[in-house]
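>
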Amino acid sequence: MRLTQFLLSKVGKYSKDYSNLPDRYIKRAMEQVEWRNPKGIQYKPNAVAKRTKYKFAMHRPWTSQFREENAPGVHHAKVFVEPIRKWSFFRGDRVEILAGKDKGKQGIVKQIIQERNWVTVEGLNCVLEKVGERKGFEGAYLQVEKPLLVTEQVALVDPSDLQATPFEWRFTEDGEEVRVSTRTGRIIPVPATAEETIDYKTKGTYKEQPKDTAANDVTQITFEPKLQTFEMDVMNSMGIKEDRVPPKYYWY
Amino acid sequence: MFKLASLSSSLGKLTLSSLNNYKNAPLVRCLSVSVPQRGLMEFFDDEKNWGATEVKSGRSWKKEELRLKSNTDLHKLWYVLLKERNMLLTMEQEANDQTQLFPSPERLDKVEESMENLEAVVRERNVAYHQLERGETGERPGRVRTGPFGLKSYHKMCQYLIPQHLNKKHRETHEEYRPNKDTEDFLLKYREKLYLTKKRKQRRNFNHVIGLLNRFPNMDMQALKEQYPDVDIEKAKASRRHRGHFVPK
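These protein sequence lines are chains A and B, in that order. Residue numbers 1 to 252, in the UniProt record's numbering, belong to the letters of the first sequence in order. Residue numbers 1 to 249, in the UniProt record's numbering, belong to the letters of the second sequence in order.
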């Protein structure tokens, strides 16, 4: 249990939000079991040898590319990631790039890789990558956005004057936590795109799938408190009578 | 409103409200409510999803939503989820057999998560009843037991018809821990191993913090302290490996 929490704590919340996948699936998809003790009498009955150190890069943990990158027997050099107290860059934020060939340009945050403190900015900081090269075909070039460190390579843009600004998290009078530009004192709102996932743009515009329970049916309250256990209630409603007396038994 | 949950049945879109209509009388017990519409094909997905690259689905049922539902509804929902799970497991097996890709495997996790949540809610209700009526949880009891090697583990108790002191076979198979020289030697080494693992982890963290301090001199110290609570950061800063090869002024 502790190990799974540890593993999941490494996949950042904001890097998996867009995929809209359950944590349970992400855990299952990235898990690599090297050894599991067989059933029976063992010195350590439930001993499992799993991969504990993963390399997090541009490929998301549930993809086959990630699995390939972290295949059994593949080991990577240690990566130092600067600790951050609160994540402050969201999908759809306007940021200015402070380093690299697109230094000084502004763009929109497209993807978050929280495990490495990375964001990619739409159409900026790109490189050309050659793909599909084989005999008889010289390959095609793809423009790929390279990641940028949120700690030093990007800065948020103040919406009032469209200039890069340092910022702070502060509380409004309503108790809401907001990002505030320390240069102008203006609030930098979290964009609506931050809640977008691969399945819907906003929660309100979600298109129900054929097997979904309708929202009204989910919120409808049918529970009535009764002095009965679950089994007693279900048996009552189905007309099952049980008058056998269980024998006396001992727990040990 | 954004409320959706994965729920399926052979009857197409069978929602909980339509399930309620069957809650008429005890007579229903004699009649089978669910109609076998597709026979064994209920174990397979809808034909239009065969060979699909992706099958969209909502999210799993949350505990707070399940708490609103009556026992009968939960009972019915359990079987809806169970059938869905059987269908998904069959489809997964079939995809593996035919060396094809099983589309959207996260559906299985959504259904299983819903089933876990449902079971937890039922358990909550039963515990509340037993606490009120009998002053105990009514759950399967357990205790921390010391095994024959002297290692402690949680033992889930079982029901027996005769008390423990009369049960000779149980006594033979479930030996109590009796300290002797061998187990004490073993435990000493075992605890040493645990201690060394703990120490190694502390040292590893300490070295990692030095590495971080060297790479990110303007780092947020509060965040560092939160992430590595067992590391003495002042000591790491004073370390020779952090300050480099010169005498501080």
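Here a beta-carbon is modelled for each residue, glycine too, at the ideal position from N, C-alpha and C.
Roughly how far, in whole angstroms, is the beta-carbon of V117(A) from the beta-carbon of V150(A), given that I think they are within contact range, below 8 Å?
Translated into positions along the first sequence, residue 117(A) becomes position 117. Translated into positions along the first sequence, residue 150(A) becomes position 150. Note that residue 117(A) is Asn in the sequence shown here, rather than Val. About 5 Å; that satisfies the 8 Å criterion.
> Quick one: what's got a C-beta closer than 8 Å to N96(B)'s C-beta in the same chain, skipping five residues either side?
For the purposes of this step, residue 96(B) is taken as the residue at position 96 of the second sequence. Contacts found: F102.
> Quick one: measure Cβ to Cβ for I112(A) and F89(A), integer angstroms, because I've assumed they're closer than 8 Å.
Position 112 of the first sequence, counting from 1, holds the residue named residue 112(A). Position 89 of the first sequence, counting from 1, holds the residue named residue 89(A). Indeed, because the Cβ distance is near 7 Å, the residues count as touching under 8 Å.
> Once you ignore the five residues that flank L148(B) on each side, which residues in its own chain have a CB closer than 7 Å to its CB?
Position 148 of the second sequence, counted from the first residue, corresponds to residue 148(B). At residue 148(B) the sequence reads Pro, which differs from the Leu that was named. Once the five neighbours on either side are set aside, the close Cβ partners of P148(B) are E175, Y177.
> Taking the Cβ atom as the reference point for each residue, do P61(A) and I26(A) lie within a distance shorter than 8 Å?
Here residue 61(A) corresponds to residue number 61 of the first sequence, with the count starting at 1. Here residue 26(A) corresponds to residue number 26 of the first sequence, with the count starting at 1. Yes, the pair counts as a contact, with Cβ atoms nearer than the cut-off.
> Going by C-alpha to C-alpha distance, which of I198(A), V95(A), E82(A) sits closest to L162(A)?
Locating residue 162(A) in the first sequence gives position 162, where the first residue counts as 1. Considering only alpha carbons, the answer is V95(A).
> May I ask you to report which of helix, strand or coil DSSP gives residue 300(A)?
No information on residue 300(A) is available, as it lies outside the stretch 1 to 252 that chain A covers here.
> Apart from the five residues just before and just after D102(A), which ones in its own chain have a Cβ nearer than 6 Å to its Cβ?
Start at 1 with the first residue of the first sequence, and residue 102(A) comes out as number 102. Excluding sequence neighbours, D102(A) sits near L124, N125.
> Could you check what DSSP says for E226(B) in three-state terms: helix, strand or coil?
Along the second sequence, one-based indexing puts residue 226(B) at 226. In this structure, E226(B) counts as helix in the three-state DSSP scheme.
> Measure the alpha-carbon distance for V48(A) versus Q32(A) and round it to whole angstroms.
Start at 1 with the first residue of the first sequence, and residue 48(A) comes out as number 48. Start at 1 with the first residue of the first sequence, and residue 32(A) comes out as number 32. Computed Cα separation, rounded: 10 Å.
> Determine the DSSP secondary structure at K16(A), reduced to helix, strand or coil.
The residue you call residue 16(A) lines up with position 16 of the first sequence. It is helical.
> Mind checking who Y160(B) pairs with in its DSSP beta bridge?
Counting from one through the second sequence, the residue named residue 160(B) turns up at place 160. According to DSSP, Y160(B) bridges with Y250(A).
> Which runs of the beta strand (DSSP E), 3 residues or longer, sit entirely within the stretch 170-233 of chain A?
As far as the stretch 170-233 of chain A is concerned, its whole beta strand (DSSP E) runs of at least 3 residues are 177-181.
> Drop a sphere of 10 angstroms on the beta-carbon of M238(A), count the other beta-carbons inside from all chains shown, and report buried for 16 or more, exposed for fewer.
Position 238 of the first sequence, counted from the first residue, corresponds to residue 238(A). That one is exposed.
> I think V231(B) touches F230(A), with their Cβ atoms under 8 Å apart; what is that distance to the nearest whole Å?
Taking the second sequence and counting its residues from 1, one reaches residue 231(B) at position 231. Taking the first sequence and counting its residues from 1, one reaches residue 230(A) at position 230. That pair is no contact at about 49 Å.
> Closer than 8 Å, CB to CB, is T222(A) near chain B or not?
Here residue 222(A) refers to the residue found at position 222 of the first sequence. Chain B, which has a Cβ nearer than 8 Å to the Cβ of T222(A), makes this yes.
> Can you check which of these residues, S160(A), A57(A), P45(A), is closest to K78(A) by C-alpha distance?
The residue labelled residue 78(A) in the question sits at position 78 within the first sequence. Checking every option, the nearest Cα to that of K78(A) belongs to A57(A).
> To the nearest angstrom, how far is it from the Cα of residue 251(B) to the Cα of E172(B)?
Given a span of 1 to 249 for chain B in the structure shown, any question on residue 251(B) remains unanswerable.
> Would you check if the distance between the CB atom of E129(A) and the CB atom of V119(A) is smaller than 8 Å?
Numbered from its first residue, the first sequence carries residue 129(A) at position 129. Numbered from its first residue, the first sequence carries residue 119(A) at position 119. Taking 8 Å as the Cβ cut-off, E129(A) and V119(A) do not qualify as a contacting pair.
> Hey, is K211(A)'s beta-carbon within less than 8 Å of any beta-carbon in chain B?
By 1-based counting over the first sequence, the position of residue 211(A) is 211. Yes - at least one Cβ of chain B is within 8 Å of the one on K211(A).
> Go to A140(A), then tell me how far its beta strand (DSSP E) extends in each direction, as first and last residue.
For this step, residue 140(A) is matched to residue 140 along the first sequence. Where A140(A) is concerned, the enclosing beta strand (DSSP E) stretches over 140-145.
> Once you ignore the five residues that flank G150(B) on each side, which residues in its own chain have a CB closer than 6 Å to its CB?
The residue given as residue 150(B) occupies position 150 in the second sequence. So the qualifying residues of the chain are Y177, T183, L187.
> Check whether chain A comes within 8 Å of Q93(B), counting only Cβ atoms and requiring the distance to be less than that.
Residue numbering aside, residue 93(B) sits at position 93 when the second sequence is read from its first letter. For Q93(B), the answer is no, since every Cβ of chain A falls outside 8 Å of its Cβ.
> Buried or exposed: which applies to V209(B), given that a residue is buried once 16 or more other Cβ atoms fall within 10 Å of its Cβ?
Along the second sequence, one-based indexing puts residue 209(B) at 209. Buried, by the Cβ-count rule.
> What is the DSSP secondary structure of G39(B), counted as helix, strand or coil?
Position 39 of the second sequence, counting from 1, holds the residue named residue 39(B). Three-state result, G39(B): helix.
> Could you tell me whether any Cβ in chain B is nearer than 8 Å to the Cβ of D17(A)?
On the first sequence, residue 17(A) is found 17 positions in, with the first residue counted as 1. So, not an interface residue.
> In the DSSP output, which residue or residues are listed as bridge partners for V119(A)?
By 1-based counting over the first sequence, the position of residue 119(A) is 119. Answer is I112(A), L148(A), bridged to V119(A).
> Specify, as a first and last residue, the run of the beta strand (DSSP E) that residue 282(A) falls within.
The question about residue 282(A) has no answer here: the residues shown for chain A are numbered 1 through 252.
> For R243(B), which three-state DSSP category applies?
Reading the second sequence from its first residue, position 243 is the one you call residue 243(B). Helix at R243(B).
> If you drop the 5 nearest sequence neighbours on each side, which residues of the same chain put their C-beta closer than 7 Å to that of A29(A)?
Taking the first sequence and counting its residues from 1, the one referred to as residue 29(A) is at position 29. Contacts found: P61, W62.
> Could you please tell me which residues of the stretch 72-89 of chain B, in chain order, have their CB closer than 8 Å to any CB of chain D?
Here the protein chains are A and B, and chain D is not one of them.
> Between D212(A) and T184(A), which are expected to be in contact by the criterion C-beta below 8 Å, what is the C-beta distance as a whole number of angstroms?
As a working mapping, residue 212(A) is identified with position 212 in the first sequence. As a working mapping, residue 184(A) is identified with position 184 in the first sequence. Actually they are not in contact, since the Cβ atoms of D212(A) and T184(A) sit about 44 Å apart, beyond 8 Å.
> If you draw a straight line from the alpha carbon of S182(A) to that of D174(A), how long is it in whole angstroms?
Taking the first sequence and counting its residues from 1, one reaches residue 182(A) at position 182. Taking the first sequence and counting its residues from 1, one reaches residue 174(A) at position 174. What sits at residue 182(A) in the sequence shown is Thr, not Ser. Distance between the alpha carbons of T182(A) and D174(A) is about 20 Å.
> Within the continuous beta strand (DSSP E) that includes R36(A), where are the two ends?
Along the first sequence, one-based indexing puts residue 36(A) at 36. Here the beta strand (DSSP E) through R36(A) covers 33-36.
> Could you tell me whether the stretch 39-47 of chain B touches the stretch 76-87 of chain B, using the rule of 3 or more Cβ pairs below 8 Å?
With the cut-off at 8 Å, the stretch 39-47 of chain B and the stretch 76-87 of chain B touch.
> Tell me whether the stretch 152-170 of chain B and the stretch 194-210 of chain B touch, counting them as touching only if at least three CB pairs, one residue from each stretch, are closer than 8 Å.
The answer is no - the stretch 194-210 of chain B does not touch the stretch 152-170 of chain B, with fewer than three Cβ pairs under 8 Å.
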